[in-house]
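A.B. asks:
There are 2 protein chains.
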Amino acid sequence: MKVLVLNSGSSSIKYQLFRSHDWQSIANGMVARIGEAEGEVKHKWLTPDGSQDTYQETRPIPTHAEGIDNIVACLRDNGALADVSELAAIGHRVVHGGPHFNKPVIVDDAVVEAIRDVIPLAPLHNPGHLAGIEVARRLFPRVPSVAVFDTAFHQTMAPSAYRYAIPEHLYTEHRIRRYGFHGTSHLYVAKRAAAVLDKPLSQCNLITLHLGNGASAAAIRAGACADTSMGLTPLEGLVMGTRCGDIDPAVLIYLSKHLGLDADQVDRLLNRESGLLGICGVNDMREIDRLAAAGDARAELAIGVTVHRLKKYIGAYYAELGQVDALVFTGGIGENSVRIRAAACEGLQRFGILIDDAANAAADARGERCISASRGEVKVLVIPTNEELEIAQQAMTAVGLQ
Amino acid sequence: MKVLVLNSGSSSIKYQLFRSHDWQSIANGMVARIGEAEGEVKHKWLTPDGSQDTYQETRPIPTHAEGIDNIVACLRDNGALADVSELAAIGHRVVHGGPHFNKPVIVDDAVVEAIRDVIPLAPLHNPGHLAGIEVARRLFPRVPSVAVFDTAFHQTMAPSAYRYAIPEHLYTEHRIRRYGFHGTSHLYVAKRAAAVLDKPLSQCNLITLHLGNGASAAAIRAGACADTSMGLTPLEGLVMGTRCGDIDPAVLIYLSKHLGLDADQVDRLLNRESGLLGICGVNDMREIDRLAAAGDARAELAIGVTVHRLKKYIGAYYAELGQVDALVFTGGIGENSVRIRAAACEGLQRFGILIDDAANAAADARGERCISASRGEVKVLVIPTNEELEIAQQAMTAVGLQ
Ligand SMILES: Nc1ncnc2c1ncn2[C@@H]1O[C@H](COP(=O)(O)OP(=O)(O)O)[C@@H](O)[C@H]1O
Ligand SMILES: Nc1ncnc2c1ncn2[C@@H]1O[C@H](COP(=O)(O)OP(=O)(O)O)[C@@H](O)[C@H]1O
């Protein structure tokens, strides 16, 4: 059997195809600029001899339906998916499940309504997901569509962690609370960390740091999420590529009263022009690393603010958990930046967190690895995330086939 | 010699008079509702036999000048201050010194301008302070006025702690950064903690928690502020009586886009209708304690959210400091709430933080005290704050008399 994972945005669809017997990824790609004059199509697949082949073209993709048609046609043409009947499930990434979902669900009309219901909470994401889901259900009525939510893993948070200190009716009537995102990634690396620690996940206390363009931290107690840094939206928490993360809420009031920005402008400023980009003009950590090494003071500051925030979250979540088995780094920065990992752990000996510098910096290191010194009581792990694989496996579980 | 401490708001002036040889407070009081039809006047003073006398009346106080006149006349009439020439200094509390001041200064025209310059950062406070300062300088030209800033102690923060991850020009042109407040209180209790620890302050790493109606935490490294929870304004950080503290900044965007609130309404909502009040309808912790004990679920939640946030800051600042000598509770809640102190420290054994339950709950306990268990490596101290005394002493130092 195979599982197709779809991540449909408002104007693009990314996909990945897995075969379930060994969870090998056998094809992936995307269609982008749906609805524009020129669309973009990219496909990669494994050939029978195990090498990788690619196909790329620009052509108009008027609708999500034509996008998915294009993907399936290509999968058929390149032999990755001889027939749609091979699909055990289609796993759809859905950013926001609101308070409705704490695990993946097979999509039916009620699920579609529930995803639609929280569009106000995720206006940039949920409409695109719904477009993909509705097309998939219409085109492949016999293949179950499974919605896998970024928010689901965080639904175990207690009210003291997810409620903001704002008037109650904003929670009861408008559902304003911490939801958290990147849940699929936090859960995936937590499972892998438990495997590395050789303990059941349900006995692991973990702090997981997903540091990519978006970045979030999670405190995991006995395998369940106890807290996470993103909130109502992905804007809260750590310093990100272009998002500010934590900030005095009065800054927004100041921007409105003194600089005359309206809500859309503030939104754009804090979500797209802030973070690393705002501090130093660059949002790519590789480039920032290089600039800082060459003596650029703003790049150095961007790293300083990022690390300072990271340390605060490590400490905060340590205090919440009381005891921690492992600290886990993942995401493009977490998996690759020797400097950020070292700086985030510096001075935390008192917490039993101690990095082995050589292991951290090992140039050829790839894959899951432990970088803590042997006398550090908290294991420090680097675990490459794989949200698509997690979605595929959860979809398979949801349809009862795993 | 004596020192008069003034805290002038937009429509009230609070004062306290100290004699400097033993720093005894010999009079205090306030004039309120300045400019309204009916003003309010309250005075308390020590009589020669050491008992306390009070005077109270309602009468119109048209201007700040008349308010200060009233105060000085009363001090003269009740014998607390025979003549203004007894005053070594007048210490003025000033909430916001912006980036200009890292310690108290004798007020001259340039200082007045600098305080005026940051009115946009503290529109509710600095104008009232300026009114008081200008009247004091005019009425008592021979007595030096000393401005003591709530922000001054926090000026030692590093850029990685005080910069937000927002576009640089908002910092360089609009001075948007973390400033921190309650600095006079944090410094005062830090000095007292050093005395209790019997170490020079410059060798103390401390986490100080000022928990009153407003609430803030500070991380103090080698006696200097390394971080604090309030930011550009006092809105950021801990859960307070009516302020939300930390929140996803996107909540403000949501309030604007979906509920149509303008900046003033959001300001009011988050500064005056949120915090404990927002969660449970009551902003007084004593009352909340009672309600929670009687089984009120919303009061219990308000405590839960408060404690959760407190723990996060204790952990965050512990991580920043690496090693901590003492955790200090102050402010009305910090000094009095057995439950909040116990809950904030619960489960922090791994940090060397362990409360002695009997010492924490001792019904007759007053004044500075240590409530940690002897095997807790971090001392947990309760230290009643005294911002007025600290202002008086700093004013005395600023004029070179101490
Ligand atoms: N070798 C590296 N050193 C430092 N940063 C890296 C390295 N490789 C990738 N990154 C950073 O990872 C970030 C992207 O992370 P990724 O998880 O791919 O993002 P996304 O959230 O878009 O999935 C970028 O800031 C990139 O610079
Ligand atoms: N015994 C007590 N138990 C719990 N809370 C108390 C107690 N006494 C005072 N408080 C609380 O202290 C808070 C006021 O603190 P305070 O430092 O006086 O405020 P402000 O910031 O206005 O100076 C209120 O929430 C009050 O309920």
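Protein chains in written order, with our numbering: chain X, 331 to 732; chain S, 331 to 732. Note that CB positions come from ideal geometry on N, CA and C, so glycine has one too.
Take the Cβ of G421(S) as the centre, count every other Cβ of all protein chains shown within 10 Å, and call the residue buried at 16 or more, exposed below.
C.D. replies: As a working note, residue 421(S) is residue 91 in the second sequence. Answer is buried; the Cβ neighbour count reaches 16.
A.B. asks: Could you tell me if the beta carbon of M615(X) falls within a distance shorter than 7 Å of some heavy atom in ligand 1?
C.D. replies: Here the question's residue 615(X) lines up with position 285 in the first sequence. Answer for M615(X): yes, Cβ within range of ligand 1.
A.B. asks: Given that a residue counts as buried once 16 or more other Cβ atoms are within 10 Å of its Cβ, and exposed if not, what is W353(S)?
C.D. replies: In the second sequence, the residue the question calls residue 353(S) occupies position 23. Label assigned to W353(S): exposed.
A.B. asks: Would K641(X) pass as an interface residue toward chain S - the criterion being a Cβ-Cβ separation below 8 Å?
C.D. replies: Here the question's residue 641(X) lines up with position 311 in the first sequence. Judged by the 8 Å Cβ criterion, K641(X) is in contact with chain S.
A.B. asks: Using a Cβ-Cβ cut-off of less than 9 Å, give me the residues of the stretch 407-424 of chain S that come near chain X, in sequence order.
C.D. replies: Correct list: empty, as no residue qualifies.
A.B. asks: Taking a Cβ distance cut-off of 7 Å, strictly less, list which residues of the stretch 563-583 of chain X are near chain S, in chain order.
C.D. replies: For the stretch 563-583 of chain X, which is checked against every Cβ of chain S, the residues closer than 7 Å are T563, L565, E566, V569, C574, G575, D576, I577, D578, P579, A580, V581, L582, I583.
A.B. asks: Closer than 7 Å by beta-carbon distance: list the chain S residues that pair up with D597(X), in chain order.
C.D. replies: The sequence position of residue 597(X) within the first sequence is 267, counting from 1. Going along chain S in sequence order, the residues near D597(X) (Cβ under 7 Å) are I583.
A.B. asks: Between T388(X) and the rest of its own chain, which residues show a CB-CB distance below 6 Å, the 5 nearest in sequence each way excluded?
C.D. replies: For the purposes of this step, residue 388(X) is taken as the residue at position 58 of the first sequence. Counting only Cβ-Cβ distances below 6 Å, and skipping sequence neighbours, we find E368, E370.
A.B. asks: Skipping 5 residues on each side, what residues in its chain have a beta carbon closer than 6 Å to that of Y492(S)?
C.D. replies: The residue labelled residue 492(S) in the question sits at position 162 within the second sequence. Closer than 6 Å at the Cβ level, and outside the excluded window around Y492(S), lie R507, R508.
A.B. asks: By how many angstroms is the C-alpha of H459(S) removed from the C-alpha of N400(S)?
C.D. replies: What you label residue 400(S) is simply residue 70 of the second sequence in a count that begins at 1. What you label residue 459(S) is simply residue 129 of the second sequence in a count that begins at 1. Their backbone Cα atoms lie some 17 Å apart in a straight line.
A.B. asks: Tell me whether Q724(X) is buried or exposed, calling it buried when 16 or more other Cβ atoms sit within 10 Å of its Cβ.
C.D. replies: One-based indexing of the first sequence puts residue 724(X) at position 394. Classification for Q724(X): buried.
A.B. asks: Can you give the Cα-Cα distance for I449(X) and I364(X), rounded to whole angstroms?
C.D. replies: By 1-based counting over the first sequence, the position of residue 449(X) is 119. By 1-based counting over the first sequence, the position of residue 364(X) is 34. Distance between the alpha carbons of I449(X) and I364(X): 20 Å.
A.B. asks: Using a Cβ cut-off of 7 Å, pull out every chain S residue sitting near I644(X), in sequence order please.
C.D. replies: Along the first sequence, one-based indexing puts residue 644(X) at 314. Here the neighbours are A649.
A.B. asks: Use the C-beta contact count for K433(S): other C-beta atoms within 10 angstroms, 16 or more gives buried, fewer gives exposed.
C.D. replies: As a working note, residue 433(S) is residue 103 in the second sequence. The residue in question, K433(S), is exposed, as its Cβ has fewer than 16 Cβ neighbours within 10 Å.
A.B. asks: Classify A440(S): buried if its beta carbon has 16 or more other beta carbons within 10 angstroms, exposed otherwise.
C.D. replies: Residue numbering aside, residue 440(S) sits at position 110 when the second sequence is read from its first letter. Exposed, because fewer than 16 other Cβ atoms sit within 10 Å of the Cβ of A440(S).
A.B. asks: Let me check one thing: in DSSP terms, what residues is C574(S) bridge-paired to?
C.D. replies: The residue given as residue 574(S) occupies position 244 in the second sequence. Per DSSP, none; premise fails for C574(S).
A.B. asks: Roughly how many angstroms separate the alpha carbons of F511(S) and C555(X), rounded to a whole number?
C.D. replies: Taking the second sequence and counting its residues from 1, one reaches residue 511(S) at position 181. Taking the first sequence and counting its residues from 1, one reaches residue 555(X) at position 225. F511(S) and C555(X): Cα-Cα distance of roughly 33 Å.
A.B. asks: Would the stretch 708-716 of chain S count as touching the stretch 655-673 of chain S if we require 3 or more Cβ pairs under 8 Å?
C.D. replies: Enough Cβ pairs lie closer than 8 Å, so yes.
A.B. asks: Would you mind listing the beta strand (DSSP E) stretches within the stretch 529-591 of chain S that are 3+ residues and don't spill past its ends, in chain order?
C.D. replies: Taking only runs of at least 3 residues, the beta strand (DSSP E) segments lying wholly in the stretch 529-591 of chain S are 536-541, 545-551, 554-558.
A.B. asks: If I follow the unbroken alpha helix (DSSP H) through S622(S), where does it start and stop?
C.D. replies: One-based indexing of the second sequence puts residue 622(S) at position 292. It should be noted that the sequence gives Ala, not Ser, for residue 622(S). Residues 615-623.
A.B. asks: When you compare each of L606(S), V361(S), L599(S), I609(S) to E396(S) by their alpha carbons, which one comes out closest?
C.D. replies: Along the second sequence, read from residue 1 onward, the residue named residue 396(S) stands at position 66. E396(S) has its Cα closest to that of V361(S), out of L606(S), V361(S), L599(S), I609(S).
A.B. asks: For the stretch 617-630 of chain X, list every residue whose C-beta sits within 8 Å of some C-beta in chain S, in sequence order.
C.D. replies: Cβ contacts with chain S: R628.
A.B. asks: What is the rounded straight-line gap between the Cα of S546(X) and the Cα of T558(X)?
C.D. replies: If you number the first sequence from 1, residue 546(X) lands on position 216. If you number the first sequence from 1, residue 558(X) lands on position 228. Cα to Cα, S546(X) sits roughly 7 Å from T558(X).
A.B. asks: I'd like to know if I550(X) contacts chain S, where contact means its C-beta is closer than 8 Å to some C-beta of that chain.
C.D. replies: Sequence index remark: in the first sequence, residue 550(X) carries index 220 (1-based). Not closer than 8 Å to any Cβ of chain S, the Cβ of I550(X) fails to qualify, so no.
A.B. asks: Under a three-way DSSP split, which group does T388(X) fall into?
C.D. replies: As a position in the first sequence, residue 388(X) is number 58, starting the count at 1. In the structure shown, T388(X) sits in a strand (DSSP, three-state: E or B).
A.B. asks: Ligand 1 and D619(X): does any heavy atom of the ligand fall closer than 7 Å to the residue's C-beta?
C.D. replies: On the first sequence, position 289 is the one that residue 619(X) refers to. Yes; taking the cut-off as 7 Å, the Cβ of D619(X) has a heavy atom of ligand 1 nearer than that.
A.B. asks: Is the shortest distance between the beta-carbon of P429(X) and the beta-carbons of chain S less than 8 Å?
C.D. replies: As a first step, residue 429(X) is located in the first sequence; it is residue number 99 there, counting from the start. Not closer than 8 Å to any Cβ of chain S, the Cβ of P429(X) fails to qualify, so no.
A.B. asks: How would you list, in chain order, the residues of chain C whose beta-carbon sits under 9 Å from the beta-carbon of H588(X)?
C.D. replies: Annotation note: the requested chain C is absent from the structure, which comprises protein chains X and S.
A.B. asks: Please report the Cβ distance between Y647(S) and A549(S), rounded to the nearest whole angstrom; I am assuming they are in contact, meaning their Cβ atoms lie under 8 Å.
C.D. replies: By 1-based counting over the second sequence, the position of residue 647(S) is 317. By 1-based counting over the second sequence, the position of residue 549(S) is 219. The pair is a contact, with the Cβ atoms about 4 Å apart (cut-off 8 Å).
A.B. asks: For K734(X), report the span of its alpha helix (DSSP H) as first-last.
C.D. replies: This structure leaves residue 734(X) out entirely; chain X is present only between 331 and 732.
A.B. asks: Less than 8 Å between the CB atoms is what I'm expecting for T563(X) and N613(X), so what's the real figure, rounded?
C.D. replies: In the first sequence, the residue the question calls residue 563(X) occupies position 233. In the first sequence, the residue the question calls residue 613(X) occupies position 283. 18 Å between Cβ atoms; not a contact.
A.B. asks: Cβ of G575(S) within 7 Å of any heavy atom in ligand 2?
C.D. replies: To locate residue 575(S), count along the second sequence from 1; it is residue 245. False, no ligand heavy atom lies under 7 Å from that Cβ.
A.B. asks: When you compare the CB of Q723(X) with every CB in chain S, is at least one pair closer than 8 Å?
C.D. replies: To locate residue 723(X), count along the first sequence from 1; it is residue 393. It does not: the Cβ of Q723(X) has no partner Cβ on chain S nearer than 8 Å.
A.B. asks: Which of helix, strand or coil does DSSP assign to G371(S)?
C.D. replies: Start at 1 with the first residue of the second sequence, and residue 371(S) comes out as number 41. The question names Gly, but residue 371(S) in the sequence shown is Val. Strand.
A.B. asks: Does ligand 2 have even one heavy atom less than 7 Å from the beta-carbon of I663(S)?
C.D. replies: Along the second sequence, read from residue 1 onward, the residue named residue 663(S) stands at position 333. Within the cutoff, so yes.
A.B. asks: Do you know how far the Cα of F348(S) is from the Cα of M331(S)?
C.D. replies: By 1-based counting over the second sequence, the position of residue 331(S) is 1. By 1-based counting over the second sequence, the position of residue 348(S) is 18. In a straight line, the C-alpha of M331(S) is about 9 Å away from that of F348(S).
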